[in-house]
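> Numbering (the working numbering), first residue to last: 12 to 141.
Don't be surprised by glycine CBs; every beta carbon is placed ideally from N, CA and C.
Structure incoming, see below.
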């Protein structure tokens, strides 16, 4: 006895239902994202017509052989303070960027920081990021 199945089922995957689900999820997330509020205080900030200006700072470099440089100009240790005062006296907020090589003794770095402290200059110590 030979029994054959007349209705053979062919395995197919209908993509229409999958695209419907994707579009429904897309619409859901678009609506949900507009309803989310940030936890911040709502402030109306004032408008300004001026721009912030870059503050000029003077670089003091100390090399390993203990030579001092002010903005790439070599300066002796004895006239370092006088040169810094003459350069930074015209600035509103005088700032020194102190760049010292790794092998420079701490005493020489402290000397420049002491000069800045006596004359009320702001000191920024320049380091290399990791």
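Please state whether DSSP places residue 106 in a helix, a strand or coil.
strand
> Check whether the region 95-108 touches the region 131-140, taking contact to mean three or more Cβ pairs, one atom from each stretch, closer than 8 Å.
Put simply, the region 95-108 touches the region 131-140. At least three CB pairs are less than 8 Å apart.
> What's the gap between the Cα of residue 28 and the Cα of residue 37?
14 Å
> Given a cut-off of 8 Å on the beta-carbon distance, is the pair residue 139 and residue 112 in contact?
no
> Under 8 Å between the Cβ atoms of residue 70 and residue 108?
yes
> Starting from residue 44, trace the alpha helix (DSSP H) in both directions and tell me its first and last residue.
Run containing residue 44: 26-46, per the alpha helix (DSSP H) assignment.
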